[in-house]
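See structure below.
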Amino acid sequence: MKTVHIKSKPQKSISLLIVPHSKEISQINIATWIPKFFLGLILVVLLTSGYLTYDLYSSHNRLKESYDEKAHILKDLEELNEQQKREIENLRLKSAEVQEKLDSIAQLQETVRNLVGLEKTSEESTNNDASPSRGGPALRRSSVMDYEDIDLNTKMKELSSQLDQSSLELSTLIDDVEKRLKYLDAKPNLMPTSGRITSGFGNRKNPFGRGTEFHNGIDIANSSGTKIKAAGSGVVTFAGYSSGYGRYIIISHGYGYQSIYGHNRKLLVKVGDKVEKGQIISEMGSTGRSTGTHLHFEVRLNGKPVNPMNVINNMD
1 MKTVHIKSKP QKSISLLIVP HSKEISQINI ATWIPKFFLG LILVVLLTSG YLTYDLYSSH
61 NRLKESYDEK AHILKDLEEL NEQQKREIEN LRLKSAEVQE KLDSIAQLQE TVRNLVGLEK
121 TSEESTNNDA SPSRGGPALR RSSVMDYEDI DLNTKMKELS SQLDQSSLEL STLIDDVEKR
181 LKYLDAKPNL MPTSGRITSG FGNRKNPFGR GTEFHNGIDI ANSSGTKIKA AGSGVVTFAG
241 YSSGYGRYII ISHGYGYQSI YGHNRKLLVK VGDKVEKGQI ISEMGSTGRS TGTHLHFEVR
301 LNGKPVNPMN VINNMD
């Protein structure tokens with residue numbers, strides 16, 4: 001018996017029956033590819049939507065991470081900026097403080113110079129004229145001026161330069177002051193004793209006869225035994241007796257100065273002794289060529305007698 005195979009035709013459409021309640025049944029034929037198309041389309045839309053959603057979510061996360069990172073960096077920068085602002089303000093305050101100290105140093109230098117009678121050198125005067133930021137109100141105006149107009153680094157370099165210059169000037173001033181004080185200590189400008197000046201420097205009537213004579217010093221009268229002091233520091237180069245000065249002392253002070261103390265009753269120092277200004281060196285008397293108890297005080301500069309009254313209390 002022969003078997004016959006019957007091939008079924010592929011279904012090309014789908015029939016939809018519409019059964020209303022009151023009308024006749026209607027049939028709609030739909031091609032089979034249409035549902036497949038819409039199903040594929042829905043699948044594509046779902047996949048695309050899923051991908052876009054995932055990509056959007058990933059982008060959001062990346063943006064959020066980037067934002068958080070930049071926000072953190074911005075916060076760090078803001079904190080660094082605030083710290084730098086504080087440091088700059090501290091530098092400004094320190095700069096102003098240093099300038100005020102430089103001002104005080106300059107004023108102190110001027111005060112010290114005036115006290116010891118030192119004059120500014122031409123170089124120092126030139127430096128001060130060239131730099132109005134040194135000394136007095138001009139310094140304060142220049143240094144504490146609006147910092148908006150001055151680069152802080154430039155200002156600090158200027159301050160460093162001024163500090164170096166001030167240090168050099170102070171070192172020079174110290175040397176000058178030491179020399180000046182040594183000179184003033186040696187200069188015989190201290191009144192050697194108390195009493196009344198009975199005879200001045202220069203021409204006078206001869207107390208021992210007729211005519212006039214030149215008096216090389218001044219005579220200071222007081223009671224016998226009155227203490228006599230060295231008019232300046234120095235070295236005793238003579239302590240002895242002569243017919244004119246009686247018992248007398250010569251002190252060499254350096255700088256061309258010598259002082260002579262005559263007619264003493266008693267000498268309290270000897271040749272070679274180093275004496276300090278104001279040290280008691282003898283007692284007043286009336287030895288030698290004398291008309292009464294007194295001190296003959298004489299000052300010589302470079303070997304020539306000068307008026308002691310022009311030297312006493314003179315700080316030049």
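The numbering of the sequence shown is the UniProt record's numbering, which starts it at 1 and goes up by one. Glycine included, every Cβ here is placed at the ideal spot set by N, Cα and C. Note that this is a predicted model, so its numbers are computed, not measured.
For the candidate residues 176, 289 and 163, whose alpha-carbon lies nearest to that of residue 119? The count along the sequence shown starts at 1 and reaches residue 119 at position 119. The shortest Cα separation from residue 119 among 176, 289 and 163 belongs to 176.
Neighbourhood of residue 244 by C-beta distance below 7 Å, restricted to the same chain and skipping five residues each side: Looking up residue 244 in the sequence shown gives position 244. Excluding sequence neighbours, residue 244 sits near 288 and 289.
How about the region 221 to 240 and the region 179 to 194: do they share at least three Cβ pairs that are nearer than 8 Å? yes
What's the C-alpha gap between residue 46 and residue 66? As a working note, residue 46 is residue 46 in the sequence shown. As a working note, residue 66 is residue 66 in the sequence shown. Between residue 46 and residue 66, the C-alpha separation is close to 29 Å.
If you drop the 5 nearest sequence neighbours on each side, which residues of the same chain put their C-beta closer than 7 Å to that of residue 313? Residue numbering aside, residue 313 sits at position 313 when the sequence shown is read from its first letter. Only 189 meet the Cβ criterion.
What is the C-beta distance between residue 269 and residue 252, in whole angstroms, given that I count them as a contact (C-beta under 8 Å)? For the purposes of this step, residue 269 is taken as residue 269 along the sequence shown, with counting starting at 1. For the purposes of this step, residue 252 is taken as residue 252 along the sequence shown, with counting starting at 1. Not quite, the Cβ-Cβ distance comes to about 13 Å (not below 8 Å), so this is no contact.
Spatial distance of residue 60 from residue 68 (CA atoms): The count along the sequence shown starts at 1 and reaches residue 60 at position 60. The count along the sequence shown starts at 1 and reaches residue 68 at position 68. Their backbone Cα atoms lie some 12 Å apart in a straight line.
How would you call residue 72, buried or exposed, if buried means at least 16 neighbouring beta carbons within 10 angstroms? By one-based count along the sequence shown, residue 72 stands at place 72. Answer is exposed; the Cβ neighbour count stays below 16.
Helix, strand or coil, according to DSSP, for residue 306 in the structure here? Within the sequence shown, numbered from 1, the residue matching residue 306 stands at position 306. Correct three-state label for residue 306: strand.
Under 8 Å, do residue 199 and residue 219 count as touching if we go by C-beta distance? Locating residue 199 in the sequence shown gives position 199, where the first residue counts as 1. Locating residue 219 in the sequence shown gives position 219, where the first residue counts as 1. Yes, the Cβ-Cβ distance between residue 199 and residue 219 is below 8 Å.
Residue 134 to residue 102 span [Cα, whole Å]: For the purposes of this step, residue 134 is identified with residue 134 of the sequence shown, where counting begins at 1. For the purposes of this step, residue 102 is identified with residue 102 of the sequence shown, where counting begins at 1. Only weak support is given to the placement of residue 134: the predicted model assigns it a pLDDT of 38, under 50, and the question is left unresolved by the model.
What does DSSP give as the partner residues of residue 257 in its beta bridges? The residue you call residue 257 lines up with position 257 of the sequence shown. 254 and 301, per the DSSP bridge assignment.
Which value, in whole angstroms, describes the spacing of the CA atoms of residue 307 and residue 262? In the sequence shown, the residue the question calls residue 307 occupies position 307. In the sequence shown, the residue the question calls residue 262 occupies position 262. Computed Cα separation, rounded: 16 Å.
Within the 8 Å Cβ cut-off, does residue 96 reach chain D? No chain D is part of this structure, which consists of one protein chain only.
Taking just the CA atoms, how far does residue 202 sit from residue 185? Within the sequence shown, residue 185 is the residue found at index 185, counting from 1. Within the sequence shown, residue 202 is the residue found at index 202, counting from 1. Cα to Cα, residue 185 sits roughly 27 Å from residue 202.
What separation, rounded to the nearest whole angstrom, lies between the Cα atoms of residue 293 and residue 300? On the sequence shown, residue 293 is found 293 positions in, with the first residue counted as 1. On the sequence shown, residue 300 is found 300 positions in, with the first residue counted as 1. Distance between the alpha carbons of residue 293 and residue 300: 23 Å.
Label residue 216 either buried or exposed according to how many other C-beta atoms from any shown protein chain fall within 10 Å of its C-beta, with 16 as the threshold for buried. Taking the first residue of the sequence shown as position 1, residue 216 is located at position 216. Classification for residue 216: buried.
Buried or exposed: residue 51, going by 16 or more other Cβ atoms within 10 Å of its Cβ? Here residue 51 refers to the residue found at position 51 when the sequence shown is read from its first residue. Exposed: under 16 other Cβ atoms inside 10 Å.
Secondary structure of residue 219, DSSP reduced to three states: In the sequence shown, the residue the question calls residue 219 occupies position 219. Residue state, collapsed to three classes: strand.
Residue 31, buried or exposed, once every other Cβ within 10 Å from all chains shown has been counted against 16: Taking the first residue of the sequence shown as 1, we reach residue 31 at position 31. Exposed, because fewer than 16 other Cβ atoms sit within 10 Å of the Cβ of residue 31.
Since residue 104 is in the alpha helix (DSSP H), which residue starts that stretch and which ends it? Taking the first residue of the sequence shown as 1, we reach residue 104 at position 104. Here the alpha helix (DSSP H) through residue 104 covers 33 to 116.
Less than 8 Å between the C-beta atoms of residue 239 and residue 267, yes or no? Taking the sequence shown and counting its residues from 1, the one referred to as residue 239 is at position 239. Taking the sequence shown and counting its residues from 1, the one referred to as residue 267 is at position 267. A contact, by the Cβ cut-off of 8 Å.
Proximity of residue 26 and residue 14 at Cβ, strictly below 8 Å: Here the question's residue 26 lines up with position 26 in the sequence shown. Here the question's residue 14 lines up with position 14 in the sequence shown. No, the Cβ-Cβ distance between residue 26 and residue 14 is not below 8 Å.
In the structure shown, what three-state DSSP assignment does residue 186 receive? In the sequence shown, the residue the question calls residue 186 occupies position 186. Looking at residue 186 - three-state DSSP - the assignment turns out to be helix.
If you drop the 5 nearest sequence neighbours on each side, which residues of the same chain put their C-beta closer than 7 Å to that of residue 291? Within the sequence shown, numbered from 1, the residue matching residue 291 stands at position 291. 207.
In terms of residue numbering, what span does the beta strand (DSSP E) encompassing residue 205 cover? In the sequence shown, the residue the question calls residue 205 occupies position 205. From DSSP, the beta strand (DSSP E) with residue 205 extends over 202 to 205.
Where residue 281 and residue 311 are concerned, what is the direct C-alpha to C-alpha distance, given to the nearest angstrom? For the purposes of this step, residue 281 is taken as the residue at position 281 of the sequence shown. For the purposes of this step, residue 311 is taken as the residue at position 311 of the sequence shown. The straight-line gap from Cα to Cα measures roughly 20 Å.
DSSP three-state call for residue 279: helix, strand or coil? The residue you call residue 279 lines up with position 279 of the sequence shown. Residue 279 falls in the coil class under three-state DSSP.
In terms of residue numbering, what span does the beta strand (DSSP E) encompassing residue 236 cover? Indexing the sequence shown from 1 puts residue 236 at position 236. Where residue 236 is concerned, the enclosing beta strand (DSSP E) stretches over 234 to 242.
Inter-residue CB distance, residue 264 and residue 283 (contact presumed, cutoff 8 Å): For the purposes of this step, residue 264 is identified with residue 264 of the sequence shown, where counting begins at 1. For the purposes of this step, residue 283 is identified with residue 283 of the sequence shown, where counting begins at 1. At roughly 6 Å, the Cβ-Cβ gap stays under 8 Å, so residue 264 and residue 283 are in contact.
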